[in-house]
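Participant: One structure, pasted below without further comment.
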Amino acid sequence: GAVVSQHPSWVICKSGTSVKIECRSLDFQATTMFWYRQFPKQSLMLMATSNEGSKATYEQGVEKDKFLINHASLTLSTLTVTSAHPEDSSFYICSATGTGSGSYEQYFGPGTRLTVT
Amino acid sequence: QKEVEQDPGPLSVPEGAIVSLNCTYSNSAFQYFMWYRQYSRKGPELLMYTYSSGNKEDGRFTAQVDKSSKYISLFIRDSQPSDSATYLCASNDYKLSFGAGTTVTVRA
Numbered sequence: 012g013a014v015v016s017q018h019p020s021w022v023i024c025k026s027g028t029s030v031k032i033e034c035r036s037l038d039f040q041a042t043t044m045f046w047y048r049q050f051p052k053q054s055l056m057l058m059a060t061s062n063e064g065s066k067a068t069y070e071q072g073v074e075k076d077k078f079l080i081n082h083a084s085l086t087l088s089t090l091t092v093t094s095a096h097p098e099d100s101s102f103y104i105c106s107a108t109g110t111g112s113g114s115y116e117q118y119f120g121p122g123t124r125l126t127v128t
Numbered sequence: 512q513k514e515v516e517q518d519p520g521p522l523s524v525p526e527g528a529i530v531s532l533n534c535t536y537s538n539s540a541f542q543y544f545m546w547y548r549q550y551s552r553k554g555p556e557l558l559m560y561t562y563s564s565g566n567k568e569d570g571r572f573t574a575q576v577d578k579s580s581k582y583i584s585l586f587i588r589d590s591q592p593s594d595s596a597t598y599l600c601a602s603n604d605y606k607l608s609f610g611a612g613t614t615v616t617v618r619a
């Protein structure tokens, strides 16, 4: 149980275009989803936290107009990188927690590698 | 100062050796302490978590937390080549704070 999927697993886009990444909880209802970014050989950095039906809460230094997060249902959250630039190239990972679970019970997706050319 | 500090290694051990991984943390409010395993180009996988101080064992893995010294440890006994991965420690208040991750290679 507690499986989280992401799509796509890998995407290449041109500078200035937008890219949407989907995160789905497959066998549980995800009341809270988290979006992380991981640069090579570095740890995960939390970008934002989203609760179903509410606006996302962004971490300091993360541009909310650039990284649009939508958590419209209990099984789906999307991250849209708008007007992507090469410096946005990174590994984006989502995680989810279920109803009544603490933030320590996060189940992670397999990640999406974004390359902006 | 990062809330969770972890030596990134890398660490290389022969098969069958004990792998010892350590982290320190600074936030006294942390209550849960987690260890994740991450294979290259994959998302982290929760190995085990510990609440407050003490030990927790799961097969070949043992997690220890010493809240008095703010020290977190993970031991892997009888290490196997399949244990080769990056291991991340983490702790939480309202969100998870991760260590940098230690890359472990178990040599056959």
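So the protein sequences, as listed, match chains Y and G.
So in the numbering used here, the last one in the first sequence is 128, and the numbering has no gaps at all.
So in the numbering used here, the last one in the second sequence is 619, and the numbering has no gaps at all.
Just so you know, even glycine gets a beta-carbon here, dropped at the ideal spot from N, CA and C.
None of the values given here were measured: they were computed from a predicted structure.
1) Give a yes or no on whether the C-beta atoms belonging to G:Cys600 and G:Val515 are separated by under 8 Å.
2) On the three-state DSSP scale, how would you describe G:Ser531?
3) Starting from the beta carbon of Y:Gly72, find every residue of chain G whose beta carbon is closer than 7 Å, and list them in chain order.
4) Below 9 Å on C-beta distance, what does G:Tyr560 contact in chain Y?
5) Which of the three DSSP states is assigned to G:Asp594 in this structure?
6) Whose C-beta lies closer than 7 Å to the C-beta of G:Ser608 among residues of the same chain, with five residues either side of it excluded?
7) Mark Y:His96 as exposed unless 16 or more other C-beta atoms lie within 10 angstroms of its C-beta, in which case mark it buried.
8) If contact means a Cβ-Cβ distance below 9 Å, which residues of the stretch 532 to 544 of chain G contact chain Y?
9) Report the three-state DSSP secondary structure of Y:Asp38 (helix, strand or coil).
10) From the DSSP output, which residues share a beta bridge with Y:Asn81?
11) Does the pairing of the stretch 66 to 82 of chain Y with the stretch 15 to 25 of chain Y give three or more beta-carbon distances under 8 Å?
12) Which residues in the same chain as G:Gly527 place their Cβ atom closer than 7 Å to its Cβ, once the five residues preceding and following it in sequence are excluded?
13) For a contact defined as C-beta to C-beta under 7 Å, what are the partners of Y:Ile104 on chain G?
14) Here's a check: name, in chain order, each residue in its chain whose Cβ is nearer than 8 Å to the Cβ of Y:Gln117, leaving out the five neighbours to either side.
15) Closer than 7 Å to a non-hydrogen atom of the ligand ZN - does that hold for the CB of G:Val615?
16) Would you mind reading off the limits of the beta strand (DSSP E) that contains Y:Thr126?
17) Using beta-carbon positions only, say whether Y:Ser36 and Y:Thr86 come within less than 8 Å of one another.
18) If you draw a straight line from the alpha carbon of Y:Ser26 to that of G:Gln575, how long is it in whole angstroms?
19) According to DSSP, is G:Asp577 helix, strand or coil?
20) Measuring only between beta-carbons, confirm whether Y:Gly109 sits less than 8 Å from chain G.
21) Helix, strand or coil: which one does DSSP assign to G:Pro525?
22) List the residues of chain Y that G:Lys578 touches, going by C-beta distances under 7 Å, in chain order.
23) Would you list the one or two residues that DSSP bridges to Y:Lys52?
Facilitator: Answer, in terms of the structure:
1) The sequence position of residue 600 of chain G within the second sequence is 89, counting from 1. The sequence position of residue 515 of chain G within the second sequence is 4, counting from 1. Yes, the pair counts as a contact, with Cβ atoms nearer than the cut-off.
2) The residue given as residue 531 of chain G occupies position 20 in the second sequence. It is a strand residue.
3) In the first sequence, residue 72 of chain Y corresponds to position 61, counting from 1. Neighbours of Y:Gly72 on chain G: none; closest Cβ ~14 Å, over 7 Å.
4) If you number the second sequence from 1, residue 560 of chain G lands on position 49. The contacting residues are Tyr115, Glu116.
5) Taking the first residue of the second sequence as 1, we reach residue 594 of chain G at position 83. Reduced to three states, the DSSP call for G:Asp594 is helix.
6) Residue numbering aside, residue 608 of chain G sits at position 97 when the second sequence is read from its first letter. Taken in chain order, the residues that qualify are Glu514, Val515, Ala601, Ser602.
7) Translated into positions along the first sequence, residue 96 of chain Y becomes position 85. Y:His96 is exposed by the Cβ-count criterion.
8) Gln542, Tyr543, Phe544
9) Taking the first sequence and counting its residues from 1, one reaches residue 38 of chain Y at position 27. In the structure shown, Y:Asp38 sits in coil (DSSP, three-state: anything other than H, G, I, E or B).
10) On the first sequence, position 70 is the one that residue 81 of chain Y refers to. DSSP lists Y:Thr89 as partners of Y:Asn81.
11) no
12) In the second sequence, residue 527 of chain G corresponds to position 16, counting from 1. Only Asp589, Ser590 meet the Cβ criterion.
13) Reading the first sequence from its first residue, position 93 is the one you call residue 104 of chain Y. Within 7 Å Cβ-Cβ: Gly554.
14) On the first sequence, position 106 is the one that residue 117 of chain Y refers to. Phe45, Ser106, Ala107, Thr108.
15) What this structure holds is no ligand at all, so the ligand ZN is not there to describe.
16) Residue mapping note: residue 126 of chain Y aligns to position 115 of the first sequence, counting from 1. Counting along the chain, the beta strand (DSSP E) containing Y:Thr126 begins and ends at 123 to 127.
17) By one-based count along the first sequence, residue 36 of chain Y stands at place 25. By one-based count along the first sequence, residue 86 of chain Y stands at place 75. Yes, they are a contact pair.
18) By one-based count along the first sequence, residue 26 of chain Y stands at place 15. By one-based count along the second sequence, residue 575 of chain G stands at place 64. Their backbone Cα atoms lie some 46 Å apart in a straight line.
19) The residue you call residue 577 of chain G lines up with position 66 of the second sequence. In this structure, G:Asp577 counts as strand in the three-state DSSP scheme.
20) Walking along the first sequence from the start, residue 109 of chain Y turns up at place 98. Closer than 8 Å: no.
21) Within the second sequence, numbered from 1, the residue matching residue 525 of chain G stands at position 14. It is a strand residue.
22) Indexing the second sequence from 1 puts residue 578 of chain G at position 67. Simply none; closest approach about 15 Å.
23) Residue mapping note: residue 52 of chain Y aligns to position 41 of the first sequence, counting from 1. Paired residues: none, contrary to the question.
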